[in-house]
Structure formats: C-alpha cells, structure tokens
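Chemist:
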Amino acid sequence: MVLPDHPLISVDPEICGGKACLAGSRMRVVDILEMLAEDADRDTIVEDFPYVTHDHIRACLAYAADVLAHPVAMAAE
Numbered sequence: 879m880v881l882p883d884h885p886l887i888s889v890d891p892e893i894c895g896g897k898a899c900l901a902g903s904r905m906r907v908v909d910i911l912e913m914l915a916e917d918a919d920r921d922t923i924v925e926d927f928p929y930v931t932h933d934h935i936r937a938c939l940a941y942a943a944d945v946l947a948h949p950v951a952m953a954a955e
C-alpha cells in the first residue's frame, strides 16, 4: 500500500515484513536512513543503487520526520 502522504513509500505485509520501503522495491526506508547516518553521500547512494533517486531519499527523510512527529498516526496506516 502506497501511503497517501508519501507516494514514494509503501508498506506491504508481504514485503520486508511490512516495513516501510521505497514503492515498487524492497529497499527499506531504514536502509536509506542508516546509509545517511553513516555519512553516505546522497549522490553515492543514487550511484550505488540505480533504482534510488534523490526524490526517494527526500521521501525517506520526510517519512521519518512524520513518524517521529506523529508515531501513533503513522503506525495506524
């Protein structure tokens, strides 16, 4: 299920145990966030994973911000 407020993010219980992923892939949001936390450059992430775009990276950050700001509401989706 693509999330209405985050069209580039999907959650499907059949994919990656229901963890938030980039829509149409098995790349988890947390994977992108961990790469950024480890100081990976956005351009490097996009080069290393051709199906990931800068828009995907921004979407992961926006999704994470929403989860932190509204954890109960996001868990219900």
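When you line the sequence shown up against this note's numbering, it's residues 879 to 955, in that order.
No residue lacks a Cβ here, since even glycine has one placed at the ideal position from N, Cα and C.
Quick caveat: nothing in here was measured; it's all calculated off a predicted structure.
(1) If residue 910 sits next to residue 923, beta carbons under 8 angstroms apart, how far is it from one beta carbon to the other, in whole angstroms?
(2) Using the C-alpha atoms, what's the distance from residue 947 back to residue 925?
(3) May I ask you to list the residues that DSSP assigns as paired with residue 887?
(4) Consult DSSP for residue 880 and reduce its assignment to one of helix, strand or coil.
Modeler: Inspection of the coordinates gives the following:
(1) So it is a contact: roughly 7 angstroms between Cβ atoms.
(2) Distance between the alpha carbons of residue 925 and residue 947: 31 angstroms.
(3) DSSP lists 900 as the beta-bridge partner residues of residue 887.
(4) Reduced to three states, the DSSP call for residue 880 is strand.
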